[in-house]
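Numbering-wise, the sequence shown is residues 245 to 865 according to my numbering. For each residue, glycine too, the CB sits at the ideal point set by N, CA and C. All figures in this text were calculated on a predicted structure; none of them were measured in a lab. Beneath this line is the structure, given in structure tokens, with notes to follow.
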Amino acid sequence: MENWGLRIVTLWRSLGTRNGCVALIDALLLSLAVYISYALRFSIFLEYAATYGIFEAGPLYVAAVMFSFYAGGVYRVYWLQTSIEELLILLKAYVLACAVLIGLYIGVEVPFVVPLSVMGMLVLCGFAFLTLLRLSWRVTLKGHNGRPPRKTLIVGAGEAGALLARDLKRHDPNFNVVGFLDDDPAKSKKTIAGIPVLGTLHELIGIVGAERISDVLVALPSAPVARVRELLNELLSLQISVRILPSLQELADGTVTLNKLRKVRLEDLLSRDPVVLDTQRIGQLLRGRVVLISGAGGSIGGEIVRQILPYAPETLVLLGHGEFSIYTLLEELRERACQVKLVPVIADVADERAMEEVFSRWRPDIVFHAAAHKHVPLMECNAREAIRTNALGTWIFGRMAGKYNASRFVMISTDKAVNPSSVMGASKRIAEMTLTELQKDCPRTAYVAVRFGNVLGSRGSVVPKFERQIAAGGPVTVTHPQMSRYFMLVSEAAGLVLQTAAIGLPGRIYLLDMGKPVNIAEVARTLIRLNGYEPDRDVKIAYTGIRPGEKLFEELFYDEKHVEATSHSKIFCARISQEGHAETEGMLGKIKTLLESPGIVSAIAKIVPEYRSSGEATGGK
């Protein structure tokens, strides 16, 4: 008896906890099948139970099926992923058990009687119960990996929120939507898509805690940017999973589905009001034209290319110095079935002969000049290359635009060109100054510069660097606790560059509305929270000191008195000749002299008097 007990315990342990429970449920269902089969056959069941051998046949049937299941590997199957193959394993083991039982009943004389009708119903009923059990697990627990669905709250009970809730119900049982939050008093205490509105957005923290919410889905695509930003910052402090529907501008097709949900990004927390562009005016400028973009493989240049495409230019000449970046952009555009003629050109903008060939062959109508060296500390160590590419390259590129009668030349500048403390900033300031001379020499071409700050996610940006450091466990390195920068989305910057090209007057510097500067340390803390960690507890922030050429904060203009409004609320302008204190005549000679100077850094001040070398400047003017 002890040996049998040991064997039973060993068998149960071998099944494992989960499959042990499955075996127990199977035994109960098989017993129920015996009962129902007899009950269906006889109206007064208990009177005939002993006569027809239920108490003898039932345990034998259950034991035979259970043994066959164990031997046939039924309890080694993961039934949460039930398929035809798994059901065939079940069927084979069950048929074998029933065949053995029927064979014994027919071939061996037994002391009890089981009517054939009962036997038939028992075989069918038992298999039906076992199959339905496993299919029910597959249906009810699909995608849960055996875990209960996550308690979910949808913020926003408008059309987008309702559509999202319905889509979740249909396609993803991982989420159990317990309610909505919405500030509309008409929706208070109502139900939408069968889900109650639990309260207002002001009750967010209390409801998340009371309902033990694990996931919050923000469905406010048309809400003011500031309100969404405030809400997301509030949610980040709760350390729960937060996902968001994009804005209406990002929902290009206007549909709201589960796959449109995405994680909260830094852009959402630093986001600005949507930019409205005069697409008709931009279209008039670009449609049917030959457009040349230098630095096309870079962050800004590539985005300018993408945003130009819908305006149907005749030809896009994609000029870049790095072959891989141009190749990558070409592949992307071809995958989008681009119908515009694309011309890849690998060349250096400071190579005058190469630029002559490009302009003489393609005769571009519109030129966007985004090619430049932009990394401040690197250019401190490579001053000559910064001047050669950023200053001389701009003069050569701009001169060719005038020589071959381009109607418009738009140069991408930077806030670091204002009272520059870095070689990079000074080189871009010289580039701006060349446009004044070129405008005089080539009056048929409208030369404009567009000046803005940092672009989120661009090459060399702090954001990808911070994300790599967070993934590695920290520390996140910030140069100074008071360091601040202007930030803008790359899509916004490119769109406003196109708008500036359409409205820009010759010989102007255009300044983009960058909003308020953002503290870099706060950017680091926000990114840490977005990755599910707590700053200074889970991931440390380390301050490394200001790097060569850096300021604590940047400026967008020299003198506010010379800044004027334009027809677009986010674009301002100033005359290039009014900016700074330098003489803009004879720029080519000055640049060449600078490149030949043995002390190139100290010589920069002869061209840009307001330039202060890296060790002297920590801020503005």
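Option in the options with minimal Cα separation from residue i
i           : options               : result
residue 653 : 609, 523 and 568      : 609
residue 818 : 739, 764, 721 and 677 : 677
residue 784 : 796, 795 and 770      : 770
residue 761 : 750, 746, 775 and 797 : 797
residue 584 : 592, 574, 591 and 590 : 574
residue 452 : 780, 481, 467 and 717 : 481
residue 936 : 759, 787, 737 and 521 : A query on residue 936 cannot be resolved here, the shown segment of the chain reaching from 245 to 865 and no further.
residue 314 : 303, 857 and 334      : 334
residue 542 : 428, 618 and 660      : 618
residue 367 : 393, 377 and 340      : 340
residue 566 : 406, 795, 591 and 579 : 591
residue 536 : 467, 512 and 552      : 552
residue 639 : 418, 693 and 558      : 693
residue 336 : 511, 375 and 393      : 375
residue 642 : 688, 856 and 845      : 688
Alpha-carbon spacing of residue i relative to residue j, whole angstroms
i           : j           : result
residue 850 : residue 554 : 45 Å
residue 695 : residue 790 : 23 Å
residue 433 : residue 282 : 51 Å
residue 338 : residue 309 : 6 Å
residue 757 : residue 699 : 13 Å
residue 445 : residue 754 : 40 Å
residue 634 : residue 707 : 24 Å
residue 561 : residue 750 : 23 Å
residue 403 : residue 397 : 16 Å
residue 730 : residue 767 : 12 Å
residue 549 : residue 604 : 21 Å
residue 509 : residue 774 : 7 Å
residue 718 : residue 778 : 12 Å
residue 622 : residue 646 : 32 Å
residue 497 : residue 600 : Because residue 497 sits at a pLDDT of 48, beneath the cut-off of 50, its placement in the model cannot be relied upon, and the following sentence gives the value as read from the coordinates. Roughly 43 Å between the two C-alpha positions.
residue 686 : residue 525 : 24 Å
residue 663 : residue 680 : 18 Å
residue 556 : residue 839 : 41 Å
residue 473 : residue 813 : 22 Å
residue 406 : residue 602 : 54 Å
residue 660 : residue 744 : 20 Å
residue 811 : residue 528 : 17 Å
residue 711 : residue 772 : 8 Å
residue 489 : residue 435 : 21 Å
residue 781 : residue 763 : 20 Å
residue 476 : residue 513 : 7 Å
First and last residue of the uninterrupted alpha helix (DSSP H) at residue i
i           : result
residue 672 : 667-685
residue 836 : 831-840
residue 755 : Taken as a continuous stretch (DSSP letters only), residue 755 belongs to no alpha helix (DSSP H), being part of the beta strand (DSSP E) at 752-756.
residue 733 : Segment: none, residue 733 is in no alpha helix (DSSP H) and carries neither H nor E.
residue 846 : 844-851
residue 620 : 620-625
residue 316 : Neither: residue 316 is in no alpha helix (DSSP H) and is coded neither H nor E.
residue 723 : Counting along the chain, residue 723 falls outside any alpha helix (DSSP H), and DSSP gives it neither H nor E.
residue 602 : 596-606
residue 638 : 637-647
Endpoints, the beta strand (DSSP E) within which residue i is located
i           : result
residue 693 : 690-696
residue 786 : 785-787
residue 394 : 394-399
residue 653 : 652-658
residue 759 : Run containing residue 759: none; DSSP gives neither H nor E here.
residue 717 : Careful: residue 717 lies outside any beta strand (DSSP E) and carries neither H nor E.
residue 422 : 419-425
residue 611 : 610-613
Whole-angstrom C-beta distance between residue j and residue i, which should lie under 8 Å
i           : j           : result
residue 439 : residue 450 : Their Cβ separation, rounded to whole angstroms, is 19 Å, which puts residue 439 and residue 450 out of contact at 8 Å.
residue 538 : residue 613 : 5 Å
residue 577 : residue 586 : 6 Å
residue 667 : residue 630 : 5 Å
residue 419 : residue 412 : 5 Å
residue 620 : residue 794 : 6 Å
CB contact check: residue i to chain B, cutoff 8 Å
i           : result
residue 274 : Within the model displayed, chain B is absent; a lone protein chain is all it includes.
Going along the chain, which unbroken runs of the alpha helix (DSSP H) with 4 or more residues stay wholly within the region 499-584? 510-513, 523-530, 543-552 and 567-579
Report the start-end ranges of each beta strand (DSSP E) in the region 435-486 that is 3 residues or longer and not cut off at the edges. 439-443 and 459-462
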